[in-house]
Amino acid sequence: AARAAPRAAGAPPVASTATLSTADIGRLDWPVDGRIVFEFGRDTLRNGGVIIWNGIGIGADAGTPVKAVEAGTVAMVQRLGTYGLAVIVEHGDGYYSLYMQLRNASVQADQKVTKGQVVGTVGGENSDHGAHLYFEIRGKNQIALDPMAWLRRRG
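In the numbering used here, the protein residues as written are 1079 to 1233.
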């Protein structure tokens, strides 16, 4: 049976290059200031239908700058059906932040972004919720995580 090669004596373990981890829970800055228009999880619509939100809706004026919650690399910039224009930032170790319902994007795929860098502007003004950012955090295996747990408490 083959065995893994031993690590060179004295060599440090390989450090993760991830910019987002569970240590960031409750510490991330908000991508945009605004009121919550819908929360993560199950929601009953006015017509009685049920929807499961994988993120949160943050109401803000159309055109308001949207900022990256942490450094990373832009994995994708494109329209995603009813989610509208989306910017997805990869943070390593399977973590992603998703910014959707954008009016426009100010980054492009494969671009490195810094924490707080503007990635686009709020759109979604023609949606049922009015102008808002649809924001998600995805973890390992693309599991949707409740962004409210990750963002700093306000007030």
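Backbone N, C-alpha and C define an ideal beta-carbon position, used for all residues, glycine too.
Contact between Val1147 and Leu1106 holds, since their C-beta atoms are separated by about 4 angstroms, short of 8 angstroms. For the 9 angstroms CB-CB criterion, Gly1201 and Asn1182 form a contact. Val1155 and Gly1112 have their alpha carbons spaced roughly 23 angstroms apart. In the structure shown, Asp1171 adopts coil according to DSSP, grouped into three states. Counting only runs of 3 or more residues that sit fully inside the region 1124 to 1188, the beta strand (DSSP E) segments are 1128 to 1131, 1134 to 1137, 1143 to 1145, 1150 to 1157, 1163 to 1170, 1173 to 1183, in chain order. Leu1223 has its alpha-carbon roughly 16 angstroms from the corresponding atom of Arg1231. Using a C-beta cut-off of 8 angstroms, the region 1210 to 1229 makes contact with the region 1173 to 1187, since at least three inter-stretch Cβ pairs fall below that distance.
Relative to Asp1206, the option among Arg1120, Val1110, Arg1124 whose CA is nearest is Arg1124. Closest by C-alpha distance to Gly1194, out of Asp1171, Phe1118, Ala1149, is Ala1149. For Glu1214, the uninterrupted beta strand (DSSP E) segment begins and ends at 1210 to 1216. Annotation: the continuous beta strand (DSSP E) that includes Phe1116 extends over 1113 to 1116. Ile1103 and Met1226 have their alpha carbons spaced roughly 9 angstroms apart. By the criterion of a C-beta distance shorter than 7 angstroms, Asp1139 is surrounded in its chain by Val1200, Ala1209, once the five residues flanking it on both sides are discounted. Sequence-distant Cβ neighbours of Asn1132 in its own chain, meaning closer than 6 angstroms and more than five residues away, are Glu1214, Ala1222. Within its own chain, the residues whose Cβ lies closer than 6 angstroms to the Cβ of Ala1153, once the five positions on either side in sequence are excluded, are Ile1166, Glu1168, listed in chain order.
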